[in-house]
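Just so we're aligned, residue 117 is where the sequence shown starts under the numbering used here, counting upward by one.
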Amino acid sequence: LFCDEPNSGLDPKTAQLIDELISDITEDFGITSIVVSHDMNSVMNIGDNIIFLNEGILEWQGSKDKIMDANNEKLNEFVFASELFKKIKAADTIITENNASGQEAG
């Protein structure tokens, strides 16, 4: 299944429904989906293996679990342009630092 910007111009609720539909089709039929998107919410909802291209050049590839910790300047510029992802990264950093020092969060 190939989808090019499937959520472009959609409201958040409809975009989430489209993400779920793509995931369900992929799982139900046992197929691979290639989704081209600039929407990080969709990328994180749909993607298992994420490929980040910059001007046609492969900059980074990995699982969505690793994207927040990626050490790639171009990828980080793109991902953390979103205020939501900036806040998630900041919270993760605080939790990690607290865990390292033995403090409880909050």
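Even for Gly, the Cβ is constructed at its ideal location relative to N, Cα and C.
{"Check": "Sufficient close CB pairs (3 or more, under 8 Å) joining the segment 156-165 to the segment 132-140", "Outcome": "yes"}
{"Check": "C-alpha distance - residue 170 paired with residue 183, whole-angstrom precision", "Outcome": "15 Å"}
{"Check": "Nearest candidate by alpha-carbon position, reference residue 145, set 153, 117 and 132", "Outcome": "117"}
{"Check": "Alpha-carbon spacing of residue 129 relative to residue 123, whole angstroms", "Outcome": "10 Å"}
{"Check": "Residues of its chain near residue 190, where Cβ-Cβ distance is below 7 Å and the 5 sequence neighbours each way are ignored", "Outcome": "170 and 175"}
{"Check": "Paired residues, beta bridge with residue 174 - DSSP", "Outcome": "169"}
{"Check": "Helix, strand or coil at residue 135 according to DSSP, with G and I counted as helix", "Outcome": "helix"}
{"Check": "DSSP three-state assignment for residue 147, whether helix, strand or coil", "Outcome": "coil"}
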